[in-house]
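If you use the working numbering, the sequence shown corresponds to residues 145 to 383, in order.
In what follows, a structure is listed as structure tokens, so that the remarks can point back to it.
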Amino acid sequence: MEGHKIYEGKAKILFDMGDPDTLVQHFKDDATAFNAQKKGTISHKGAINCQLSAHLFGILEQEGIPTHFVNRTGPVDMTVRRLSMVALEVVLRNRFAGSLAKRLGQPEGGALPMPVLEWYYKRDDLGDPMVNRDHIRVLELAGEETLAAVERLGRKTNAILARVFAQKGIVLVDMKLEFGVDSKGRVLLGDEISPDTCRFWDAKTGEKMDKDRFRRDLGQIEEHYQELFRRVVGHEPEF
Ligand code: TMP
């Protein structure tokens with residue numbers, strides 16, 4: 145990859161290729177969990193997550209959600225709009241699962257009567273703590289208008305994707321979204337939408353088709369990532 149590496153995260157690298165408006169987002173096979181205490185690789189994960197994200201960003205754009213996605217330039221690379229990222233992770237939930245089930249003492253799998261939105265402060269050194277609107281204001285992590293746009297776009301993204309996945313016999317249990325502001329001041333959906341950042345359950349069997357297979361040592365990780373991709377996109381991923 146030519147260009148200048150400006151950021152390397154646990155699962156992706158961002159390259160500056162010289163264009164002031166765009167970057168290249170490169171997807172790795174590396175996987176981490178529990179704030180990188182657990183490390184591994186999932187073969188072909190970069191390709192699956194890159195191509196699934198591209199597919200879902202395309203659907204969201206058509207439905208009126210502005211995203212950072214421009215185009216895909218290879219199996220594991222996409223051009224994205226350059227954003228100033230909001231230092232928040234926005235989690236949308238449709239079922240009790242993961243940390244919500246644990247925190248509220250509920251069995252995993254129960255339906256929520258309404259989608260639940262949670263904010264997490266992106267700070268690896270603190271383990272990404274959950275924050276509320278007042279915490280966000282005190283820390284000045286985002287202005288009121290930006291926050292309102294993020295909440296509106298996050299809820300709409302969840303509604304669209306829950307419907308898209310339901311049509312494929314998959315439950316969108318929960319997901320993590322990240323947003324940023326472009327040079328014109330527009331709030332755009334950024335990052336990725338993949339089995340690394342969402343929980344997906346087979347609607348019939350309840351089988352997990354996401355990174356919980358890695359987090360919880362359930363095995364057959366790659367097979368389930370690939371099966372999810374096939375069901376949602378309709379063809380094999382390109383490696
Ligand atoms: P949680 O139940 O562990 O809080 O996770 C909620 C959703 O957020 C789930 O779909 C997985 C995703 N997620 C990430 O993408 N990155 C993270 O670091 C964590 C903790 C969760």
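C-beta atoms are modelled at their ideal positions from N, C-alpha and C, and glycine is treated no differently.
- In the DSSP annotation of this structure, residue 379 is not part of any beta strand (DSSP E), being labelled neither H nor E.
- Per DSSP, the unbroken alpha helix (DSSP H) holding residue 278 starts and ends at 277–282.
- The beta strand (DSSP E) runs of length 3 or more contained entirely in the region 218–257 are, from start to end of the chain, 221–225 and 232–239.
- Just so you know, the alpha carbons of residue 249 and residue 242 end up roughly 11 Å apart.
- Not one heavy atom of ligand 1 is found less than 6 Å from the C-beta of residue 176.
- By the beta-carbon neighbour count (other beta carbons within 10 angstroms, threshold 16), residue 282 is exposed.
- CA-CA distance, residue 324 to residue 277, rounds to 17 Å.
- Under the three-pair Cβ rule at 8 Å, the region 186–205 counts as touching the region 165–178.
- The three-state secondary structure of residue 262, taken from DSSP, is strand.
- Bounds of the alpha helix (DSSP H) holding residue 297 are 288–310.
- Around the C-beta of residue 302, 16 or more other C-beta atoms lie within 10 Å, and the residue is accordingly described as buried.
- In this structure the region 232–241 does not lie against the region 209–216, because fewer than three pairs of beta carbons, one per stretch, are closer than 8 Å.
- Residue 368 sits in a helix when the DSSP states are folded into three classes.
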